[in-house]
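**Student:** Take a look at this one; I'll ask things after.
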């Protein structure tokens, strides 16, 4: 069985939702030829846009190694419980204001052409 995910955008709300979905997939048990496994272990492809890409990038870069089992005796293994706790917390951070501040610190606010691009970037991030 091949599983792929498509994670939508929507800023920090999409990132938080995606983190919760991945955690829920981790808790779902399926049976295959190697026994009982987590559905998350069967995910082979993830496609994402905008805020969903934040969650996807975090997951791909920082998830525990494949040698760590996703499931323990009673739900998620301790390693994955710790990972998903940090993951959900990171996805709930306010990343809009740091992005806006970056525009000012790069002096884009003082050049009309660059300022227009900066407003566009901040608008895209916040919406």
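In my numbering, the protein residues as written are 6 to 132. Yeah, the Cβ is synthetic: ideal placement off N, Cα and C, and Gly gets one too. Predicted, not measured: the structure shown is a model, and the values here were computed from it.
(1) Considering only their Cβ atoms, is the gap separating residue 35 from residue 27 smaller than 8 Å?
(2) Is DSSP giving residue 15 helix, strand or coil here?
(3) When the distance is taken between beta carbons, is residue 60 closer than 8 Å to residue 96?
(4) Just to confirm before moving on: does the CB-CB distance between residue 50 and residue 9 stay below 8 Å?
(5) Under 8 Å between C-beta atoms, does residue 26 make it to chain C?
(6) Looking at the secondary structure, which residues open and close the beta strand (DSSP E) in which residue 34 lies?
(7) I'd like to confirm the pairing. Which residues does DSSP put opposite residue 10 in its beta bridges?
**Tutor:** A quick look at the data gives this:
(1) Judged by their CB atoms, residue 27 and residue 35 are not nearer to each other than the 8 Å cut-off.
(2) The answer is coil: DSSP assigns residue 15 none of H, G, I, E or B.
(3) In this structure, residue 60 lies closer than 8 Å to residue 96 by Cβ.
(4) With contacts defined by Cβ atoms closer than 8 Å, residue 50 and residue 9 form a contacting pair.
(5) In the structure shown, chain C does not exist; there is a single protein chain.
(6) Where residue 34 is concerned, the enclosing beta strand (DSSP E) stretches over 34 to 37.
(7) 51, per the DSSP bridge assignment.
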